[in-house]
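J.: Starting off with a structure, shown below.
Residue numbers (my numbering): 336 to 669.
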């Protein structure tokens, strides 16, 4: 394949298995070639991007070492087919003048609906009920309702009795709030932690933590949001509280969350994202053997998965590449 030049770009798709690869419409005199890898592990990145001027990925760590001119001498553009971009060392990109673009707003419907689905699964203990029923425990005991009461012997709350705290008021947070309201929940939109704005629609962070019975986390991962919910916050929550994270792993302190569940400070948790991904029993305390009896729902970072999202991502990916080549890049994060 020809090496990248001022008018020819070689595009490497590192996670083509989860992407719809578009046909690009480039200006006259511009050409491109492409290599599509179905899946790429972090250890494979250096060998795969040496000839690339553009790389496209969904969620893959691209660190300073990979971004060195020795490993990726031709790299000019990184397109992240996702909203979050914490997987990229932006400072290393800035030093080399590598443009980084994301694809925001593509998965709003899917992620918000996934969050609501996780709410019902956690509040109603649906997976536990399914496992017990299919294992024959209902037939053995005759009545299973007492297995699903809270520590005070109370039955689950219904939506009309829920107070939904929205931590993060971006597009996903706004749609979760809309869905929660339509279900009959009282909704509190949290202000930023340790800072109160003059926005009358916002509620101080500490008040949201104390009053909410279900907390939806929808904030990006950055230094200011790392371990945004940790021991102090869990200690302040009502015992009815369940925590649902569809944003980024690392925004919720997993060890502190397990401890709060084990001590029955809160009622349950549902996580689609984890500090270390791919997550499993050896990497997350939420999936350790001693957490199996806790009310935890875990899904493998697929809240975005839907037909609508796939179409939106392909459209935004195509736009990101074409506009950058034309010198008018969109959705630039670095």
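Every residue gets a Cβ at the ideal spot worked out from N, C-alpha and C, and that includes glycine.
Check whether the Cβ atoms of residue 377 and residue 652 lie closer than 8 Å to each other.
T.: Residue 377 sits at position 42 when you count from the first residue of the chain shown. Residue 652 sits at position 317 when you count from the first residue of the chain shown. No, the pair does not count as a contact, with Cβ atoms beyond the cut-off.
J.: Contact check, residue 605 vs residue 616 under 8 Å by CB: the rounded distance?
T.: Locating residue 605 in the chain shown gives position 270, where the first residue counts as 1. Locating residue 616 in the chain shown gives position 281, where the first residue counts as 1. At roughly 18 Å, the Cβ-Cβ gap does not stay under 8 Å, so residue 605 and residue 616 are not in contact.
J.: Can you grab the Cα-Cα spacing for the pair residue 460 / residue 667, in whole Å?
T.: Position 125 of the chain shown, counted from the first residue, corresponds to residue 460. Position 332 of the chain shown, counted from the first residue, corresponds to residue 667. Cα-Cα distance, rounded: 41 Å.
J.: Going by DSSP in three states, residue 656 sits in which element: helix, strand or coil?
T.: The residue labelled residue 656 in the question sits at position 321 within the chain shown. Reduced to three states, the DSSP call for residue 656 is helix.
J.: Could you give the DSSP three-state label for residue 397: helix, strand or coil?
T.: Along the chain shown, one-based indexing puts residue 397 at 62. It is a strand residue.
J.: What is the DSSP secondary structure of residue 392, reduced to helix, strand or coil?
T.: Within the chain shown, numbered from 1, the residue matching residue 392 stands at position 57. Strand at residue 392.
J.: Which residues in the same chain have their Cβ closer than 8 Å to the Cβ of residue 536, if we skip the five residues on either side of it in sequence?
T.: In the chain shown, counting from the first residue as 1, residue 536 sits at position 201. Answer for residue 536: 524, listed in chain order.
J.: Nearest by alpha-carbon distance to residue 423: which of 446, 392, 495 is it?
T.: Along the chain shown, read from residue 1 onward, the residue named residue 423 stands at position 88. Residue 423 has its Cα closest to that of 392, out of 446, 392, 495.
J.: Buried or exposed: which applies to residue 465, given that a residue is buried once 16 or more other Cβ atoms fall within 10 Å of its Cβ?
T.: Taking the first residue of the chain shown as position 1, residue 465 is located at position 130. Flag for residue 465 reads exposed.
J.: Taking the alpha carbon of residue 400 as the reference point, which residue from 620, 355, 428, 474 has its own alpha carbon closest?
T.: Locating residue 400 in the chain shown gives position 65, where the first residue counts as 1. Selected option, being the one with the closest Cα: 428.
J.: Pull the bridge partners of residue 521 from the DSSP assignment, please.
T.: On the chain shown, position 186 is the one that residue 521 refers to. The partner list for residue 521 (beta bridge, DSSP) reads 498.
J.: Out of 361, 444, 353, which has the shortest C-alpha to C-alpha gap to residue 663?
T.: Counting from 1 along the chain shown, the entry for residue 663 is found at position 328. Checking every option, the nearest Cα to that of residue 663 belongs to 361.
J.: Below 8 Å, can you find three or more Cβ-Cβ pairs linking the stretch 599-614 to the stretch 627-641?
T.: Touching, per the Cβ criterion.
J.: Which of helix, strand or coil does DSSP assign to residue 537?
T.: On the chain shown, position 202 is the one that residue 537 refers to. Reduced to three states, the DSSP call for residue 537 is strand.
J.: Three-state secondary structure (DSSP) at residue 717?
T.: With the chain covering only 336 through 669, there is no way to say anything about residue 717.
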